[in-house]
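K.L.:
Residue 245 in my numbering sits at position 186 of the sequence shown, and the numbers go up by one each step. Backbone N, C-alpha and C define an ideal beta-carbon position, used for all residues, glycine too. Since we're looking at a predicted model, the values are computed, not measured. Shown below is the structure under consideration.
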Amino acid sequence: MAKILVTGGAGYIGSHTCIELLDAGYEVIVFDNLSNSSEESLNRVQDITQKSLTFVQGDIRNADELDRVFENHSIDAVIHFAGLKAVGESQEKPLIYFDNNIAGSIQLVKSMAKAKVYTLVFSSSAAIYDEDNISPLNEQMPTGIPSNNYGYTKLIVEQLLQKLSASNPEWSIALLRYFNPVGAHKSGRIGEDPQGIPNNLMPYVTQVAVGRREKLSIYGNDYDTVDGTGVRDYIHVVDLANAHLCALNNRLQSKGCRAWNIGTGNGSSVLQVKDTFEQVNGIPVAFEFVARRAGDVATSFADNSRAVAELGWQPQYGLEDMLKDSWNWQKQNPNGYN
Ligand code: NAD
Ligand code: UFG
């Protein structure tokens, strides 16, 4: 069975993808500097699957460390999650984001080319779409300059990978444009464990529910949406993890560089998320309305028909499952992996 290098595999989406890879019989090598994760997630992945993986602690910006992984293991393909993702921090520390996300990705493809490994699945984001596009967003719609440096790094890496692929037909690259990943593995043993104050809606809601935060601030109730709050396409992290397997299988059989939206195609408002969370879990979530957050759009959801048609992928979980599973993880692990 093929050997897959998973950069950033100890993180939220990476750890869920490792489970799917191991369950499908792939050999997994995780390469992660643990800057935003803990090795405990990988212990739990191995417990859940009753299979072992190889963990190498290292940084994608370090050529020697990466080259050594390719020398020591005959890697067939790479799934590249490693990177920084805090939108606010990317505005304060742009160089750290350019270095980790852009320079790190360049180093990764350099090491891949040196090792003659040309199959890559890259974690991109719906943030790369021009904000004037009207949802549902499809892959032919124009990209824009994202409102923050984090999104900008995703756009730049997508463009670099497209040019790389155009320059050498050996490359086979999937650009997966994630919408809003939430939820956790059914076991509740792995999940999202943000450091410090969460930036994203879902971990904020679960931390209020578990008593770690006083109340949720809802950023704006005057958008042109169903109830005035922002609408997003929430996707279960297990469905997202599965999309990586589908993309990997597709890429192992064809060449070139292609983008796929990974979302459910359904939009939910912040109030719908909060209300549904309260209903399905029976826990109140205190909240207040505050001003809009800079850079947010009113509505963003996917046209996922290309992924469904070309990858044979189909999301299995709805909003209620996502909210039950997020809470199941948070209540079993009130302080995350600590
Ligand atoms: P995460 O922070 O949980 O996982 C990222 C992992 O990469 C962490 O384990 C971290 O320690 C590691 N890492 C960071 N910099 C590294 C480096 N220089 N070298 C080696 N390892 C490094 O984040 P996640 O939510 O699992 O996201 C995974 C990927 O998906 C990221 O690239 C992220 O930008 C992208 N993405 C995430 C979302 C989201 O909402 N979670 C949305 C769109 C795209
Ligand atoms: N929101 C709140 N309160 C919070 C957090 C968020 O009201 O405390 C609202 C936001 O205003 C937005 C919605 O909840 O309407 C979702 O916000 P998130 O921060 O969870 O997600 P975003 O859609 O802003 O961003 C996410 C990822 C990015 C990615 C983007 C792609 O965090 O990495 O989706 O669309 F680029």
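Do you know offhand how far L234's Cα is from Q199's?
P.N.:
Cα to Cα, the separation comes out at about 13 Å.
K.L.:
Out of curiosity, what's the CA-to-CA distance linking R236 and I138?
P.N.:
Straight-line Cα distance between these residues: approximately 14 Å.
K.L.:
Relative to the C-alpha of N95, which residue among T113, G142, I78 is closest?
P.N.:
Answer by Cα proximity: G142.
K.L.:
Would you kindly work out how many angstroms separate the C-alpha atoms of Y177 and L214, rounded to a whole number?
P.N.:
Distance between the alpha carbons of Y177 and L214 is about 20 Å.
K.L.:
On the criterion of 16 or more Cβ atoms from any shown chain inside 10 Å, does Q389 qualify as buried, or is it exposed?
P.N.:
When all chains shown are included, Q389 counts as buried.
K.L.:
Would the beta-carbon of R291 fall within 9 Å of that of F346?
P.N.:
No.
K.L.:
Would you give the residue range spanned by the alpha helix (DSSP H) that T108 belongs to?
P.N.:
Note, T108: alpha helix (DSSP H), 99 to 108.
K.L.:
So does K213 have its beta carbon nearer than 8 Å to some heavy atom of ligand 2?
P.N.:
Yes - ligand 2 has a heavy atom lying nearer than 8 Å to the Cβ of K213.
K.L.:
So, helix, strand or coil for D298, using DSSP?
P.N.:
Three-state DSSP puts D298 in a helix.
K.L.:
Tell me, please, whether the stretch 293 to 303 touches the stretch 369 to 376 by the rule of three or more beta-carbon pairs shorter than 8 Å.
P.N.:
Judged by Cβ distances under 8 Å, the stretch 293 to 303 makes contact with the stretch 369 to 376, as three or more pairs qualify.
K.L.:
Per the contact definition of three or more C-beta pairs closer than 8 Å, is the stretch 141 to 156 in contact with the stretch 208 to 223?
P.N.:
Yes, they touch.
K.L.:
Tell me whether G341 counts as near ligand 2, meaning its Cβ is closer than 8 Å to at least one heavy atom of that ligand.
P.N.:
No, Cβ of G341 sits at least 8 Å from all heavy atoms of ligand 2.
K.L.:
Could you spell out the range, first to last residue, of the alpha helix (DSSP H) harbouring N239?
P.N.:
It is not in any alpha helix (DSSP H) - N239 instead sits in the beta strand (DSSP E) that spans 239 to 241.
K.L.:
Using CA atoms only, rank isn't needed, just tell me which of P262, T284, D283, V285 is closest to S276.
P.N.:
S276 has its Cα closest to that of P262, out of P262, T284, D283, V285.
K.L.:
Tell me the rounded alpha-carbon separation between S182 and A357.
P.N.:
Using only the alpha carbons, I get a separation of about 23 Å.
K.L.:
Can you tell me whether N394 is buried or exposed, with buried defined as 16 or more other CB within 10 angstroms of its CB?
P.N.:
Counting Cβ neighbours within 10 Å, N394 comes out exposed, since fewer than 16 surround it.
K.L.:
Whether or not the stretch 248 to 261 and the stretch 309 to 327 are in contact is what I'm after, with contact meaning three or more pairs of Cβ atoms, one per stretch, closer than 8 Å; do they touch?
P.N.:
Flag = no, the stretch 309 to 327 and the stretch 248 to 261 do not touch.
K.L.:
Just confirm the distance between the C-beta atoms of D380 and H295, as a whole number of angstroms; I'd bet it's less than 8 Å.
P.N.:
Between H295 and D380 the Cβ distance is about 6 Å, and since that is below 8 Å, they are a contact.
K.L.:
Quick one, are the C-beta atoms of S385 and R310 less than 9 Å apart?
P.N.:
Not closer than 9 Å, so no.
K.L.:
Note down, in chain order, each residue of its chain lying with its Cβ closer than 6 Å to the Cβ of G424, except the 5 sequence neighbours on either side.
P.N.:
Nothing in the structure corresponds to residue 424, since the chain is present only between 60 and 397.
K.L.:
With A136 as the anchor, note down where its beta strand (DSSP E) starts and where it stops.
P.N.:
136 to 139 is the extent of the beta strand (DSSP E) around A136.
K.L.:
Please say whether S328 and I265 have beta carbons closer to each other than 9 Å?
P.N.:
Checking the sequence, you will find Thr at residue 265 rather than Ile. Against a cut-off of 9 Å, the Cβ pair of S328 and T265 comes out as no contact.
K.L.:
Assuming S133 contacts K62 (C-beta within less than 8 Å), just tell me the rounded distance between them.
P.N.:
About 6 Å separates the two Cβ atoms, so the contact holds.
K.L.:
Could you check which residue in A353, D334, L370, N392 has the C-alpha nearest to that of L378?
P.N.:
Ranking the options by Cα distance to L378, first place goes to D334.
K.L.:
Identify whether T391 lies in helix, strand or coil by the three-state DSSP scheme.
P.N.:
Per the sequence shown, the amino acid found at residue 391 is Gln instead of Thr. DSSP places Q391 in helix when its eight states are reduced to three.
K.L.:
Looking at ligand 2, does it come within less than 8 Å of V290, judged from the CB to the closest heavy atom?
P.N.:
Flag set: Cβ of V290 near ligand 2.
K.L.:
Can you tell me whether K169 is helix, strand or coil according to DSSP?
P.N.:
Here K169 sits in helix by DSSP.
K.L.:
Flag R271 as yes when its Cβ comes closer than 8 Å to any non-hydrogen atom of ligand 2, and as no otherwise.
P.N.:
Every heavy atom of ligand 2 is 8 Å or more from the Cβ of R271, so no.
K.L.:
Tell me the DSSP secondary structure of L93 in three-state form.
P.N.:
It is coil, neither helix nor strand.
K.L.:
Would you report the Cα separation of Q331 and N259, rounded to the nearest angstrom?
P.N.:
Approximately 16 Å between the Cα atoms of the pair.
K.L.:
For I342, collect the residues of the same chain with a Cβ closer than 8 Å to its Cβ; drop the 5 residues on either side in sequence, then sort them by chain order.
P.N.:
Only A268, F336, W386 meet the Cβ criterion.
K.L.:
Thinking F114 and E98 are a contact (beta carbons under 8 Å), I'd like their distance in whole angstroms, please.
P.N.:
The Cβ separation is near 7 Å, so the contact holds.
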